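Take the position in the sequence shown, starting the count at 1, then add 1; the result is the number in this note's numbering. Ideal placement from N, C-alpha and C gives every residue a C-beta, glycine not left out. In this text, all values refer to a predicted model and were calculated from it rather than measured experimentally.
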Amino acid sequence: MKILKVLYLWLIKMISGLNVFRRRNKVVYLMSFDDNVNFIKELAQKMPPKMKLVVLYRPDTEAAATDLAAFGIITRPFNDGLKFVFDFVPLLMGAKLIICDNYYAFLGGLVHRPSTKIVQIWHADGAIKKFGWEDPTTAKRSQFDKRRFQSVYDHFDEYIVASKAMGNVFVSSYHESFDKIRLLGYPRSDQYLDPKWQQVARERIYRAAPELRSKRVILYAPTYRPHQNFKLPIGLSDALAADQNAIVVVKLHPVLRDKETAVREVGNPRIKFYHELATSDLLAVADTLVTDYSSVAFDFSLLPNAKSMIFFMFDIDQYQRNPGIQDDYLDWLPTPPITTVHELKQAIIDAKPTNFDDFNKRWNTFNDGQATQRVVNRYIQFLKSR
Numbered sequence: 002m003k004i005l006k007v008l009y010l011w012l013i014k015m016i017s018g019l020n021v022f023r024r025r026n027k028v029v030y031l032m033s034f035d036d037n038v039n040f041i042k043e044l045a046q047k048m049p050p051k052m053k054l055v056v057l058y059r060p061d062t063e064a065a066a067t068d069l070a071a072f073g074i075i076t077r078p079f080n081d082g083l084k085f086v087f088d089f090v091p092l093l094m095g096a097k098l099i100i101c102d103n104y105y106a107f108l109g110g111l112v113h114r115p116s117t118k119i120v121q122i123w124h125a126d127g128a129i130k131k132f133g134w135e136d137p138t139t140a141k142r143s144q145f146d147k148r149r150f151q152s153v154y155d156h157f158d159e160y161i162v163a164s165k166a167m168g169n170v171f172v173s174s175y176h177e178s179f180d181k182i183r184l185l186g187y188p189r190s191d192q193y194l195d196p197k198w199q200q201v202a203r204e205r206i207y208r209a210a211p212e213l214r215s216k217r218v219i220l221y222a223p224t225y226r227p228h229q230n231f232k233l234p235i236g237l238s239d240a241l242a243a244d245q246n247a248i249v250v251v252k253l254h255p256v257l258r259d260k261e262t263a264v265r266e267v268g269n270p271r272i273k274f275y276h277e278l279a280t281s282d283l284l285a286v287a288d289t290l291v292t293d294y295s296s297v298a299f300d301f302s303l304l305p306n307a308k309s310m311i312f313f314m315f316d317i318d319q320y321q322r323n324p325g326i327q328d329d330y331l332d333w334l335p336t337p338p339i340t341t342v343h344e345l346k347q348a349i350i351d352a353k354p355t356n357f358d359d360f361n362k363r364w365n366t367f368n369d370g371q372a373t374q375r376v377v378n379r380y381i382q383f384l385k386s387r
């Protein structure tokens with residue numbers, strides 16, 4: 002496996018080297034999350050006439066790519082492999098600007114032209130869990146892997162963030178200088194502060210699930226678990242459904258969908274599963290969010306309907322070992338975490354309102370509804386420069 006990775010990165014380096022003198026007349030957006038569609042459209046509308054925008058997307062964001070294609074934007078699906086090397090590495094070498102919403106391992110082999118800017122826009126407003134060098138499992142990786150990781154991190158010229166707190170997370174997690182941090186706000190956050198989007202999202206939900214209208218909606222949205230032996234705790238359904246006047250919506254990470262049986266088997270009619278509905282839209286109708294280490298907490302806290310948030314960290318000891326939790330999380334979580342179904346049941350019943358002021362000041366500092374315009378203006382200005 003190590004040899005294959007070495008050969009793959011070498012091949013990317015060779016092909017990118019052969020294309021190093023390509024004309025820089027493109028912007029390439031690498032998409033593995035579907036929540037920056039509006040930003041991409043805004044960028045496309047303001048592109049200099051001689052520039053072309055291309056979105057390379059992971060297949061699981063096909064719906065967003067279809068939306069962008071209907072808008073007139075060039076979209077191409079991609080996965081790692083020889084097709085990517087020979088078809089898309091030359092395309093990347095013709096880009097003046099590359100925007101990434103995630104960690105992309107192939108960057109470690111790409112020849113980085115000084116005249117090309119590579120920007121990390123990320124896919125979360127804040128961080129409860131650890132990643133990069135802060136992930137405890139990274140220390141156990143080989144020296145080859147560690148050099149490979151850092152090579153990817155070093156390819157980013159700028160990191161778009163919404164707060165100094167998130168900037169510092171990248172500094173420690175990626176061993177990068179704060180000089181690379183751009184305090185612009187996340188474009189993806191603008192929708193949560195837009196009354197029009199809020200209304201449209203609510204109507205989308207109510208058309209599909211009219212039973213949620215005029216009810217207290219409790220959304221259970223835990224994050225992905227890296228360990229295979231993950232199990233939801235016994236009694237979770239009863240705890241979530243403790244408020245007889247509420248409807249509980251369970252939205253597990255797609256990778257964990259097979260765990261739904263632990264909640265379904267109770268057969269409580271007030272516990273619902275809507276696979277076809279987007280988590281972002283469900284946030285717009287939720288009164289209470291029950292989550293754990295997920296970045297969904299940073300989105301929910303921006304919404305006017307957000308009344309309370311519960312951090313149900315029943316597996317916190319294991320999660321601290323892999324992938325890890327930010328060391329100071331107890332200093333800034335808006336409510337203290339709970340670890341048992343009994344505590345969860347009581348928290349659901351009590352429904353104590355959550356004050357998000359300090360939480361948002363720390364993590365959503367520059368998420369003010371104008372982030373898209375700031376980010377677009379910055380990089381359009383760069384594209385117009387020689």
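Opening and closing residue of the beta strand (DSSP E) in which residue i lies
i	result
I248	A247 to V251
Q319	Here Q319 belongs to no beta strand (DSSP E); instead the alpha helix (DSSP H) covers I317 to R322.
P78	I75 to P78
R183	I182 to L184
L1	This structure cannot speak to residue 1, because the chain is shown only from 2 to 387.
Beta bridge counterpart(s) of residue i as assigned by DSSP
i	result
S309	T289
Y221	V251 and V291
Q121	C101 and Y160
K130	I326
K273	V250
I41	In DSSP, I41 forms no bridge with anything.
Whole-angstrom distance between residue j and residue i, CA atom to CA atom
i	j	result
K252	F34	17 Å
I182	I350	42 Å
W333	N361	10 Å
Q347	V250	18 Å
P305	E204	16 Å
P338	G186	27 Å
M314	L12	43 Å
L57	F89	9 Å
A210	R217	13 Å
I381	A71	22 Å
K42	L69	7 Å
T336	P270	29 Å
K118	A125	21 Å
S152	V172	15 Å
H156	I99	11 Å
F150	R214	47 Å
D180	A307	34 Å
P196	A106	38 Å
L31	S238	38 Å
A352	D300	20 Å
D359	V376	25 Å
P49	D318	51 Å
E159	G236	46 Å
N365	N169	14 Å
S386	K273	52 Å
P255	Y294	16 Å
Y320	K141	16 Å
L278	A285	12 Å
T138	R226	14 Å
N39	R189	8 Å
Buried versus exposed, by CB contacts within 10 Å (16 or more), residue i
i	result
D36	buried
Q327	buried
V120	buried
P324	buried
Q200	exposed
H343	exposed
L8	exposed
I219	buried
Q192	buried
I4	exposed
P115	exposed
A64	exposed
N368	buried
K131	buried
Span of the alpha helix (DSSP H), counted from its first residue to its last, around residue i
i	result
T373	A372 to K385
M94	V90 to M94
I206	P196 to A209
M167	K165 to Y175
M52	No alpha helix (DSSP H) holds M52; DSSP gives it neither H nor E.
M15	K3 to L19
N361	D358 to W364
A240	L237 to L241
H343	V342 to D351
Given 8 Å, three or more beta-carbon pairs between the segment 14-22 and the segment 88-96: yes
task: Could you say if the segment 147-166 and the segment 239-247 meet the contact criterion of at least three C-beta pairs nearer than 8 Å?
output: no
- prompt: Is it a yes or a no for the segment 197-212 touching the segment 141-160, going by three-plus beta-carbon pairs under 8 Å?
  reply: no
message: Tell me whether the segment 46-63 and the segment 72-85 touch, counting them as touching only if at least three CB pairs, one residue from each stretch, are closer than 8 Å.
response: yes
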